[in-house]
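*Asks:* Letter by letter, the sequence shown follows residues 0 to 160 of numbering that gives the first Met the number 0.
We put the CB at the ideal spot given by N, CA and C, even for glycine.
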Amino acid sequence: MKSHANTKVLFVCLGNICRSPAAEGIMKKKAEGLPIEIDSAGTAGYHIGELPDSRMRSHASKRGYHLTSRARQFDAAVDFEKFDYIVVMDENNKRSIEYLDRRKHYHQKISLMTEYCQTMQADEVPDPYYGGPDGFEHVLDILEDACSGLLKKIMNESSAP
Ligand code: 4NP
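1. Just curious, the beta strand (DSSP E) that residue 146 is in, first and last residue?
2. Is residue 38 near the ligand 4NP, in the sense that its beta carbon is under 7 angstroms from a heavy atom of that ligand?
3. Can you tell me whether residue 59 is helix, strand or coil according to DSSP?
4. Would you mind reading off the limits of the beta strand (DSSP E) that contains residue 84?
5. State whether the stretch 145-158 contacts the stretch 25-44, with contact taken as three or more CB pairs (one from each stretch) at a distance under 8 angstroms.
6. Going by other Cβ atoms of all chains shown within 10 Å of its Cβ, with 16 needed for buried, is residue 113 buried or exposed?
7. Between 139, 73 and 57, which lies nearest to residue 119 when the distance is taken from Cα to Cα?
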C-alpha cells in the first residue's frame, strides 16, 4: 500500500481572503490527523498579510472552522513544484495560473475546485466579495462538498496498489 504522506494541496482564489482560506480551513479539519499538507494563495497581491475577510471568518466559524491564515500571493517559482494539487476556485483564476505555467509542465496538477463536488451542482466557486451573506453560505456549501470529494480522491490514490 502506497503511503499518502506528503500529499500537498494548495487552494487558489483571487485575493486569498475569502474562498481559498475557507477551503484551507475546511480541508484542514476534514483531513485532521492525516499527513496531508494544506495551504492557500491568491493570484492577486492586494491583500497580502491580511487575515481572511471578517464576513467569511464569521460564516465559517458558525460551522466550526476558525480561519487564521494570512493572505499570500501564488509564487510560481515555488508553488508549482511544491504542491501535488493546485485547486483553483474559478475559470478566471485558473487561466491566471495556467498562464504562469507557460511550458505546461504542471498542467496536470491544476484543477477546478468544483470538479470534486459530489452533491452540489456548480461550475465554479463564485466570488462572494461584493455580495451578501447568502453568497458566503453558498461558497461554504460548495467548499464542504468539494473538500470531501477531494479528500476521497486523495485517499483512493494513496491506497491504490
Ligand atoms: P477571494 O475574494 O478571491 O475569494 O479572496 C476576493 C477578495 C478580494 C477581492 C476580490 C475577491 N478584491 O477585489 O479585493
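*Replies:* A quick look at the data gives this:
1. Per DSSP, residue 146 belongs to no beta strand (DSSP E); it is in the alpha helix (DSSP H), 132-158.
2. no
3. helix
4. 84-87
5. yes
6. buried
7. Answer by Cα proximity: 139.
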